[in-house]
Structure formats: C-alpha cells, structure tokens
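Visitor:
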C-alpha cells in the first residue's frame, strides 16, 4: 500500500513583500483509516485553516483567524461550502481518472494546489493552479493565457478535460477575484502576528564522538533565517551540510547545519563557531566546544542489545517520517513538481 501525505508548502517571500493565500487539497480512495478528503489553507506559508471529509467544516488554525471568523462569519461559511463542493468535485474526478486508465481498486490520490498572491510594492496580483494524480503533476492552469496545460501522463485525458470550460472560467475568476479578496482580509487581521520576530534556542548536538556536530536552532519566527559555521570568523562552505527549514507544531520553525569534525584537530575546535541570523534580532553565536555539546551517546558496552535495536528502529522510523513530511518544501518550490511521502 502506498500512503501519500500532502503537506503545507512554505512559500518564499521576496524583498518586495509578496503575500500569498494557498489552498492544498487531497482526495484519496482505497484507504479506510485516512480522510477521503482533506484541505489546508495557508497564508504567507502559515497554516490558517483546515477542513476534511470527517468534520465537513472549515476550522481555524490561528487565534487571529478565530477573531476574523467572529467578526466575519461569512468567512467560515464560504470556506466550509468550498470544502464540501471541492470534496465532491475531487471524488468525481478521481473516479473518472481511474475509469480512464482502467484502474480498479488500490489506493489513489488526487491533489490540487491553488494559490493567489499580491505584491505590496507594485500592486500586481497573480496566481497558479495545478492538479496531481498519484504523486505526479497531471494538469496545470496557465492563468496568463487562460488555458490548461497537460503533462505527458494526462495527454490522453485532454479531450475530456478540454470540455470543462465552466471549470476553467470559474478557476480563473476565483484566482483573480475571491482568492485576492480573502488574501486582503487575512492580511488585515494577521499582519501584526506574522510580522513578529522570535529568537530561537540554539544548541550543539552530536550522536556519537565521531559523528558530525549539528548546530540546531528551534523556535524561531519567521522562517527567513540563515545559519552557518565559521572558522576564524570566515563562513565555511566545505565540510558542512545544511538541512531544510522545518515547521514546528506551534507555528515556529527549526533548522540545523552539520559540521564534519573528522579532520579538525582538538586544539583547533576553538576556532569554529555557529552563527544564527534573523533580520531584526541580534545574531546568536555558539562556540564549538565539547563541554556544551548535547548527546545521548552511551558506550556500546553499557547498552543492552535489546535497547540498541529498539533505539535504532525508532530512529529509522522517525527519520522516514521527517524526511517524507518535509522534503515537500524543497521540491514544491519548483512549480510543476509534487512531493509525496510513500510507504510501501
């Protein structure tokens, strides 16, 4: 069985300050323990709403969204109705695609990303939309030229989809109209919260004495931060491995940068340090020092065999989950590519 978990993308924000409102939709078939339909709404890369086929109601994910819903209950009604409508649409499309490809049974997924954006500096608005099937890009909307674009997988589906002029016109109107309207409203209510700056906790971690030293920062906001290793005050580009910026459950972020210490002499450790940088707050600098490195490593002779097996298996499963959940961010920065988490 293949399970695809489709998550929130963290859209980059440029210096010109672009704001975005993005809908992530996933419809599934063949899974008894997975919602048949799930939708996530993100404003400037932060999850603000959620809906699925079980609750059948748009639920807020931020306190300021609750305030918006209290002041403007039509926000809840509109997104709830959209959730229900797209659930039915996605279910019908999934069935048609399965029939088209003569697929019977099994687990299948139909996914959609719809996003609109506004540039505060120029006032320019834009958007994009794409559909995916079983983890592959299927059909894209060319908003500028107002037409559908088909991938190789979807070419044979083109005659049927081209007949959906009403859908094409609706999506164009939605991205240029309703989506921008809601974006402006979310900006009005959430701007102060999203403009806050939160410093992280930074620490050095190491699995074993011979493994790389990881400089780990967690709890920072927003996600536009950098972190790097230095030697004698100069930024290092070799023997370092930069991890992705990942979301925490509380809306903050975490990141890590690993330093390969295999060729560093003990007397040279003091020449290295890790720097965390976030615009608007002071840099956080931590020296490479064995005394401050956190580790749960225990000499093999002191660890029962059963415990070793349990820890290894646990770490492997955790690694699979984290990799599958968050590799989405890197891949989806390139439009036209989908990131999926698959368990066989």
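Residue numbers (mature numbering (1 follows the signal peptide of the UniProt record, and there is no 0)): -16 to -1, 1 to 328. Every residue gets a Cβ at the ideal spot worked out from N, C-alpha and C, and that includes glycine. All values derive from a computational prediction rather than experimental measurement.
In chain order, what residues of the same chain lie with their CB nearer than 6 Å to the CB of residue 270, ignoring the 5 residues before and after it?
Guide: Closer than 6 Å at the Cβ level, and outside the excluded window around residue 270, lie 186 and 258.
Visitor: For a test of the three-state rule: what should DSSP assign to residue 277, helix, strand or coil?
Guide: The answer is strand: DSSP assigns residue 277 an E or B state.
Visitor: Terminal residues of the continuous alpha helix (DSSP H) containing residue 256?
Guide: Premise fails: residue 256 lies in the beta strand (DSSP E), 256 to 262, not in any alpha helix (DSSP H).
Visitor: State yes or no: is the C-beta of residue 96 within less than 9 Å of the C-beta of residue 113?
Guide: Against a cut-off of 9 Å, the Cβ pair of residue 113 and residue 96 comes out as a contact.
Visitor: If you draw a straight line from the C-alpha of residue 280 to the C-alpha of residue 202, how long is it?
Guide: Cα to Cα, residue 280 sits roughly 19 Å from residue 202.
Visitor: Which residue from 246, 45 and 143 puts its Cα closest to that of residue 194?
Guide: Among 246, 45 and 143, the Cα nearest to that of residue 194 is on 246.
Visitor: Near residue 278, which residues of its chain fall below 7 Å by C-beta distance, leaving aside the five closest residues on each side in sequence?
Guide: Same-chain partners within the cutoff: 187, 188 and 189.
Visitor: Would you mind giving the Cβ-Cβ distance between residue 12 and residue 93, rounded to the nearest angstrom? I have them listed as a contact below 8 Å.
Guide: With a Cβ gap of about 5 Å, residue 12 and residue 93 count as contacting.
Visitor: Relative to the alpha-carbon of residue 6, which residue among 57, 152 and 168 has its alpha-carbon at the smallest distance?
Guide: Ranking the options by Cα distance to residue 6, first place goes to 168.
Visitor: In this structure, how does DSSP classify residue 159 when only helix, strand and coil are distinguished?
Guide: It is helical.
Visitor: Quick check on residue 154: buried or exposed, where buried means 16 or more other Cβ atoms within 10 Å of its Cβ?
Guide: Its Cβ having fewer than 16 others within 10 Å, residue 154 is exposed.
Visitor: Return the Cβ separation of residue 91 and residue 9 in integer angstroms, given the expectation that the two are a contact with Cβ distance under 8 Å.
Guide: Actually they do not touch by this definition, with Cβ atoms about 17 Å apart.
Visitor: Whole angstroms is fine: what's the gap from residue 3's alpha carbon to residue 43's?
Guide: Cα to Cα, residue 3 sits roughly 22 Å from residue 43.
Visitor: Just mark residue 57 as buried or exposed, buried being the case when its beta carbon has 16 or more other beta carbons within 10 Å.
Guide: The residue in question, residue 57, is exposed, as its Cβ has fewer than 16 Cβ neighbours within 10 Å.
Visitor: Would you kindly report the start and end of the unbroken beta strand (DSSP E) that includes residue 240?
Guide: Its beta strand (DSSP E) spans residues 237 to 243.
Visitor: On the CB-based measure, 16 or more other CB atoms within 10 Å of its CB, does residue 192 come out buried or exposed?
Guide: Label assigned to residue 192: exposed.
Visitor: Would you say residue 262 and residue 208 are within 9 Å of each other, going by their C-beta atoms?
Guide: Cβ distance < 9 Å, so residue 262 and residue 208 count as in contact.
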